[in-house]
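The sequence shown runs 99 to 465 under my numbering. All C-beta atoms, glycine included, are put in the ideal place defined by N, C-alpha and C. Model, not experiment: these values are computed from the prediction.
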Amino acid sequence: MKSFQNNGEISNTGLFVLMFLYIMGSIYTLPIGFDAGHDSWLSPVLGTFAGIGLNAVYAYLCRQYPHKSIIEIAHMLLGSWLGKTIGLMYVWYGLTLESYVLRNFTDFTNTALLPRTPTIVVGTVLIGIVAWTAWCGIEVICRCAFFLLPFALLSWVLATLLLVPNMEVENILPIMESGWTPVLEGAGQIATIQFGETMLFAMLIPFLNRTAPVIKTVTTAIAVSGVLIMITFLTDIFVLGEITSQQVFPSYTAVMYISIGDFFERIEPLFFVIWIFEEFLKLTVIHLTTALALSQTLGSRNYRFFLIPLSLLIIQLSLFIHPNQLDLIAFIKEIWMYYSIPFIILVPFSLLTAFLFKRIKSKKATA
Numbered sequence: 099m100k101s102f103q104n105n106g107e108i109s110n111t112g113l114f115v116l117m118f119l120y121i122m123g124s125i126y127t128l129p130i131g132f133d134a135g136h137d138s139w140l141s142p143v144l145g146t147f148a149g150i151g152l153n154a155v156y157a158y159l160c161r162q163y164p165h166k167s168i169i170e171i172a173h174m175l176l177g178s179w180l181g182k183t184i185g186l187m188y189v190w191y192g193l194t195l196e197s198y199v200l201r202n203f204t205d206f207t208n209t210a211l212l213p214r215t216p217t218i219v220v221g222t223v224l225i226g227i228v229a230w231t232a233w234c235g236i237e238v239i240c241r242c243a244f245f246l247l248p249f250a251l252l253s254w255v256l257a258t259l260l261l262v263p264n265m266e267v268e269n270i271l272p273i274m275e276s277g278w279t280p281v282l283e284g285a286g287q288i289a290t291i292q293f294g295e296t297m298l299f300a301m302l303i304p305f306l307n308r309t310a311p312v313i314k315t316v317t318t319a320i321a322v323s324g325v326l327i328m329i330t331f332l333t334d335i336f337v338l339g340e341i342t343s344q345q346v347f348p349s350y351t352a353v354m355y356i357s358i359g360d361f362f363e364r365i366e367p368l369f370f371v372i373w374i375f376e377e378f379l380k381l382t383v384i385h386l387t388t389a390l391a392l393s394q395t396l397g398s399r400n401y402r403f404f405l406i407p408l409s410l411l412i413i414q415l416s417l418f419i420h421p422n423q424l425d426l427i428a429f430i431k432e433i434w435m436y437y438s439i440p441f442i443i444l445v446p447f448s449l450l451t452a453f454l455f456k457r458i459k460s461k462k463a464t465a
C-alpha cells in the first residue's frame with residue numbers, strides 16, 4: 099500500500115508535547131477515575147502503568163515500520179480487505195471520540211461560561227477553527243502545542259499552589275477503605291479513556307523525523323501525564339474530601355475554592371481559558387487523524403478533501419449522541435471503557451501478533 103501523507107515533519111519533542119497536552123486536555127471536565135472516593139488517587143498510578151503498556155504496542159509497531167501509519171501497517175500485515183476494515187474502524191472511532199469531546203466541551207462551556215449561547219454556535223465556531231488548523235498540517239499543530247505548553251504548565255502549578263491553604267491531607271484516610279475493586283475500576287477508566295485515546299497518535303508517528311526513539315517518547319509522555327493526573331487527584335481529594343466523587347467537574351470545582359484574602363478569588367475563568375485551548379488542540383489532533391485514516395482507507399492522496407465533510411458530520415453527531423450532559427458522562431464512565439476495547443486493545447495486539455508470527459516465519463525460511 100502506498101503511503102499517503104501531507105508534507106510535514108515533527109520531532110520527538112514535538113510528539114511528546116502534543117501527547118502531553120492531548121492527555122491533559124480533559125482532566126478538568128470529566129469525573130473519570132473517581133470511583134474509589136478518597137482512594138481515587140491510586141487509580142492514576144495503576145492506570146498509568148496500563149496506559150504505558152497499551153501505547154508501547156502501537157509505538158513498537160510504528161518503529162518496526164518507519165513512516166507507516168497503523169492503517170498502512172494493517173494493510174501490510176493482514177492484506178487489503180482486513181486493512182480497509184481496520185481503517186474504517188479507526189475512522190468511526192475518531193468520529194465518535196471527537197463528537198464526545200466536542201459535546202463535553204460545549205456542555206461545559208454552556209454550564210460554566212456561556213449559559214445563554216446556543217450549543218450549536220459554540221460547537222460550530224470551535225470546529226471551524228479546528229478544521230482550519232488541521233488543514234494547515236501537523237507542523238502548525240505542533241507549533242500551537244509548543245506555544246500553549248508554558249501556559250498550561252503555569253496554570254496547573256498556580257492552581258495547585260493556590261489551593262494549598264484549602265487542603266486537608268487527612269482527607270485521604272483511611273487508605274483502601276473500600277478495597278481494590280473501585281480503585282481498579284477507576285484505573286480501567288483512566289487507562290482506556292485518558293491514555294487509550296492516544297491510540298490515534300499511531301496515525302501521526304509516520305511524520306516523525308526519527309522513529310528510533312518513538313517508544314521512549316510515547317511512554318515518557320504517558321508517565322509524565324500520569325504523575326500530573328495523580329497530583330491533580332490528590333489536590334482534588336485534599337480540597338473536596340468525600341464529595342470529590344459526587345462532583346460533575348471535580349477539578350474545576352476545586353479551583354473555585356481558590357481565595358487569597360478578600361480580593362483574589364473566583365479566578366476559575368482564567369483556568370477555563372487555558373482549558374479551551376487544550377481542548378482545541380485535542381480536537382484538532384483527532385480531526386487530523388480521522389481525516390488521515392479516511393484518506394488512507396479510501397486511497398486518496400489528499401486528506402484535506404475530507405476535513406469539511408467530517409466537520410459537518412461531527413457537529414451533527416455531537417448534538418444528538420445524548421440528551422443531556424449527565425447522560426453523556428454516565429456513558430463515558432460506564433460504557434466507553436468497553437466500547438474502546440476493539441480499537442485500543444484488540445486491533446493493536448492482533449497486529450503485534452501478526453508481526454511476530456511473520457518475523458518468526460521469515461527467520462525459519464532463512465534458517
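Rounded straight-line distance, which links the Cα of residue j to that of residue i
{"i": "Asp133", "j": "Lys459", "result": "46 Å"}
{"i": "Pro311", "j": "Met117", "result": "15 Å"}
{"i": "Leu193", "j": "Leu282", "result": "28 Å"}
{"i": "Tyr401", "j": "Gly277", "result": "48 Å"}
{"i": "Phe102", "j": "Glu170", "result": "Residue placement at Phe102 is flagged as unreliable, the pLDDT there being 43, under the threshold of 50; a coordinate-derived value is accordingly withheld."}
{"i": "Glu366", "j": "Gly235", "result": "32 Å"}
{"i": "Gly284", "j": "Ile130", "result": "7 Å"}
{"i": "Leu410", "j": "Phe375", "result": "21 Å"}
{"i": "Leu450", "j": "Ala210", "result": "44 Å"}
{"i": "Phe455", "j": "Tyr163", "result": "15 Å"}
{"i": "Thr217", "j": "Gly135", "result": "32 Å"}
{"i": "Pro280", "j": "Val267", "result": "21 Å"}
{"i": "Gln423", "j": "Ile329", "result": "26 Å"}
{"i": "Phe493", "j": "Ile356", "result": "Nothing in the structure corresponds to residue 493, since the chain is present only between 99 and 465."}
{"i": "Phe447", "j": "Val155", "result": "7 Å"}
{"i": "Asn202", "j": "Thr127", "result": "8 Å"}
{"i": "Ala463", "j": "Gly177", "result": "21 Å"}
{"i": "Arg308", "j": "Thr111", "result": "11 Å"}
{"i": "Gly123", "j": "Lys461", "result": "44 Å"}
{"i": "Pro421", "j": "Tyr198", "result": "12 Å"}
{"i": "Ile313", "j": "Val228", "result": "28 Å"}
{"i": "Ala148", "j": "Leu113", "result": "20 Å"}
{"i": "Pro304", "j": "Thr395", "result": "16 Å"}
{"i": "Leu246", "j": "Cys240", "result": "10 Å"}
{"i": "Ala172", "j": "Arg457", "result": "15 Å"}
{"i": "Tyr350", "j": "Leu256", "result": "14 Å"}
{"i": "Trp190", "j": "Gln292", "result": "18 Å"}
Simplified DSSP state of residue i, which is helix, strand or coil
{"i": "Leu306", "result": "strand"}
{"i": "Ser323", "result": "helix"}
{"i": "Ile108", "result": "strand"}
{"i": "Ala463", "result": "helix"}
{"i": "Asn269", "result": "helix"}
{"i": "Asn264", "result": "helix"}
{"i": "Tyr126", "result": "coil"}
{"i": "Met301", "result": "helix"}
{"i": "Trp254", "result": "helix"}
{"i": "Trp434", "result": "helix"}
{"i": "Asp425", "result": "helix"}
{"i": "Phe441", "result": "helix"}
{"i": "His420", "result": "coil"}
{"i": "Trp278", "result": "helix"}
{"i": "Phe132", "result": "coil"}
{"i": "Ser138", "result": "coil"}
{"i": "Phe118", "result": "helix"}
{"i": "Pro407", "result": "helix"}
Own chain, CB closer than 8 Å to residue i, minus 5 neighbours either side, in chain order
{"i": "Val238", "result": "Thr231"}
{"i": "Arg214", "result": "none"}
{"i": "Ile413", "result": "Leu200, Ile218, Gly221, Thr222 and Ile225"}
{"i": "Ala243", "result": "Gly112, Val115, Leu116, Leu119 and Leu379"}
{"i": "Ser393", "result": "Phe102, Arg399, Asn400, Tyr401, Phe403 and Phe404"}
Integer-rounded CB distance, given that residue j should sit under 8 Å from residue i
{"i": "Ile273", "j": "Pro142", "result": "Not quite, the Cβ-Cβ distance comes to about 15 Å (not below 8 Å), so this is no contact."}
{"i": "Glu275", "j": "Asp137", "result": "7 Å"}
{"i": "Leu381", "j": "Glu196", "result": "6 Å"}
{"i": "Tyr120", "j": "Val383", "result": "6 Å"}
{"i": "Leu332", "j": "Trp139", "result": "5 Å"}
{"i": "Leu175", "j": "Ala452", "result": "4 Å"}
{"i": "Thr204", "j": "Ser416", "result": "7 Å"}
{"i": "Gly294", "j": "Ile442", "result": "4 Å"}
{"i": "Leu408", "j": "Ala428", "result": "Not confirmed; about 27 Å, so no contact."}
{"i": "Ile320", "j": "Ile439", "result": "Actually they do not touch by this definition, with Cβ atoms about 18 Å apart."}
Contact set for residue i: own chain, Cβ-Cβ below 7 Å, skip 5 residues either direction
{"i": "Val322", "result": "Phe118"}
{"i": "Thr387", "result": "Gly192, Leu298, Met301 and Leu302"}
{"i": "Ile372", "result": "Phe249, Ala250 and Ser253"}
{"i": "Phe336", "result": "Met265, Glu266, Val267 and Asn269"}
{"i": "Thr318", "result": "Phe114"}
Cβ neighbours of residue i in the same chain (closer than 6 Å, five flanking residues each side left out)
{"i": "Met435", "result": "Gly286, Gln287 and Thr290"}
{"i": "Glu363", "result": "Ser357"}
{"i": "Thr207", "result": "Val220"}
{"i": "Ser167", "result": "Met301 and Pro304"}
Requested in this report: Return the chain-ordered ranges of every beta strand (DSSP E) run that is complete within the region 194 to 246 and spans a minimum of 3 residues.
Outcome: none
Requested in this report: Within the region 142 to 190, note down every full beta strand (DSSP E) run reaching 3 residues or more, in order along the chain.
Outcome: none
Report task. Let me know the alpha helix (DSSP H) ranges lying completely inside the region 326 to 405, each 4 residues or longer, listed in chain order. Result -> 348 to 353 and 366 to 396
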